[in-house]
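Have a look at the structure below before the remarks.
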Amino acid sequence: MHDFYYKKGELYCEQVPVAEIAEQVGTPFYLYSRKTITEHYAKLAKAFRSANPLICFSMKSNSNLAFLATLIREGAGLDIVSGGELYRALNAGCPPEKIVYAGVGKTKAEIAQAIDAGILLFNVESIPELETIDAIARSKRKVVNVSLRINPDIDPKTHRHITTGKKGTKFGIDFQTAFEIYLERGDLPNLNIAGIHVHIGSQITSGEPFVKALKKVLDFIKALEKEKIRIQYLNLGGGLAAVYHEEKPQRADQYAAKILPLIRKTRFADRKRRQGMLIFEPGRFIAANSGIFVTSVLYVKKTREKNFIIVDGGMNDLIRPALYDAYHEIVPVREHEKTSTVMLSDVVGPICESGDFLGTGRKLPSGLNSGDLLAVFGAGAYGFTMASQYNSRPRPPEVMASGRYFEVVRTRETYRDLIRGERPPIF
Ligand SMILES: Cc1ncc(COP(=O)(O)O)c(C=O)c1O
């Protein structure tokens, strides 16, 4: 599942002792395993081999250039949601014809940049957005590919903040409206409205919501075909869960075993022979367990109620526990004697908020002391990308290991970075 493991009581990433990296780069830091990244990608690609899909890694989960370049080299495309992500995608070497662009609030400037770059398609979320893209494409004398993002009104049974395919969320277009748009697509001559996109949410552990959504979409495609409207791109989004704690999510092959039979008779069953393109946008399935967050113990504070292990990384570095109550396993980088007693502790950061914790009520060795290292697992997705400089704390470095080597792939920010672009007023 990943390449972080203990050998002789020491945590390793691939063949590199994590403590050795900490000694060289300081703490806190993010650490990614190149091998895990490529293996997770390969699992999905292999499971859907017969359909030969375009797997567009959802770079909002991890947008480090080294992380992206690793996947691009394996054949991945990218799912982007902003002009900034487009800039990163192109800098990481992603072929534009492998880029899909989602998001409810694309600006005119961002749309123009994406058209100029020649991306594969826009996943469009509203009628005014369609009209805007059409107008910009016309001004550039271009015809651009567009998928309509459908809101299929499916409950993905996940955290409400990452539920995106239910009525009442801001995402997508309902089937009825989408049908009308396809029928009247002649009114938007600079758009090739040729795709359907669904992304119903994130951290979805069972296949059932995906199957429900896909069945609705396939019925919709049939209805369109009766009107002689041909769908070329079928984008099933991301959402496949990662293991953070005790979840037992479906594996990629189990997911494929549910999806492939449903599309067997469609043009999406085989990109080469039938010319329909199946697209996925996995984020955390690839990234979450490809990375850990490493932090040092500053103080162990024992109170009458509980123990606090105060570390040098906090919600500014990894906000998921505070934001979603997300569980991340926390382990010492140097294993303590099996016989050592455990203490129930909250692992908390230095930020001035009660919500600043990485984990609560954790069993950790009672011998933990100032300077000891802790590793927070499952931190490769929505970790660094959601990090901030809150409390004026420079963001941590990102490191990638491969075999016996490691490299800093984003340097630690400095105090100078904190004030970049700011100045006292001149009035
Ligand atoms: C449109 C879209 N695609 C893909 C993803 C990736 O989701 P996940 O990381 O759960 O695979 C997201 C996440 O928010 C998304 O909004």
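Residues are numbered in my numbering as their position in the sequence shown, beginning at 1, plus a constant of 41. Glycine included, C-beta positions come from ideal geometry on N, C-alpha and C. From a predicted model like this one, the values you see are computed outputs, not experimental measurements.
As for any alpha helix (DSSP H) of minimum length 4 sitting wholly inside the region 252-308, the runs are 293-304, ordered along the chain. For D194, the Cβ stays outside the 7 Å cut-off from all heavy atoms of ligand 1. For S247, no beta strand (DSSP E) run applies, since DSSP gives it neither H nor E. By alpha-carbon distance to V440, the top candidate from A60, H43, V66 is V66.
V59 has its alpha-carbon roughly 33 Å from the corresponding atom of F321. Under the three-state reduction of DSSP output, F326 falls in the helix class. Between the region 275-287 and the region 233-244, the count of C-beta pairs closer than 8 Å reaches three or more; the two stretches touch. I191 sits away from I234, with the two beta carbons spaced by 8 Å or more.
Between L409 and V374, the C-beta gap is not smaller than 8 Å, which leaves the two residues out of contact.
Counted as a single uninterrupted DSSP element, the beta strand (DSSP E) harbouring P406 occupies residues 398-406. Around the C-beta of I460, fewer than 16 other C-beta atoms lie within 10 Å, and the residue is accordingly described as exposed. Burial state of L405 is buried, judged by a 10 Å Cβ sphere holding 16 or more other Cβ atoms. Between V187 and F163, the gap from beta carbon to beta carbon is short of 8 Å. Taking 3 residues as the minimum length, the beta strand (DSSP E) runs contained wholly in the region 123-189 are 140-142, 162-165, in order along the chain.
Within the DSSP bridge table, the entry for Y71 names F334, E439 as partners. If you draw a straight line from the Cα of A63 to the Cα of R314, it comes to about 50 Å. Here A235 carries a strand assignment [DSSP, helix/strand/coil]. Here F425 is not bridged, per DSSP, to any residue. In this structure, the alpha-carbon of A293 lies about 21 Å from that of R308.
Counting only the Cα atoms, V165 lies some 10 Å from E172. In this structure, L229 lies near D175, with their beta-carbon atoms less than 8 Å apart. Judged by their CB atoms, A92 and L301 are nearer to each other than the 8 Å cut-off. When V372, P391, G402 are compared, the shortest CA-CA separation from Y340 is found for P391. In the DSSP annotation of this structure, K313 is not part of any beta strand (DSSP E); the continuous alpha helix (DSSP H) holding it starts and ends at 312-315. Here K48 has no same chain residue with a Cβ atom under 7 Å from its own Cβ, once five neighbours each way along the sequence are excluded. Taking a cut-off of 8 Å for Cβ pairs, the region 428-435 and the region 75-95 do not touch, as fewer than three such pairs fall below it. Rounded to the nearest angstrom, the gap between the Cα atoms of V372 and V57 is 17 Å. Looking at F261, K183, S180, P250, the one whose alpha-carbon comes closest to that of Q217 is F261. Non-local beta-carbon contacts of V252 in its own chain, meaning distances under 6 Å to residues more than five positions away in sequence, involve K299 in chain order. Excluding sequence positions up to five before and after A297, its CB lies within less than 7 Å of the CB of A88, F89, all in the same chain and listed in chain order.
Residue ranges of uninterrupted beta strand (DSSP E) with 3 or more members, entirely inside the region 366-390 and ordered along the chain, are 371-373, 383-389. Secondary structure at G118: strand, using DSSP grouped into helix, strand and coil. G324 and T148 have their C-alpha atoms spaced approximately 23 Å apart. Contact check for V185 and L232: beta-carbon distance about 6 Å, within the 8 Å limit, so the pair qualifies. The beta carbons of G355 and G424 sit no closer together than 8 Å.
For S99, DSSP records a beta bridge to D120.
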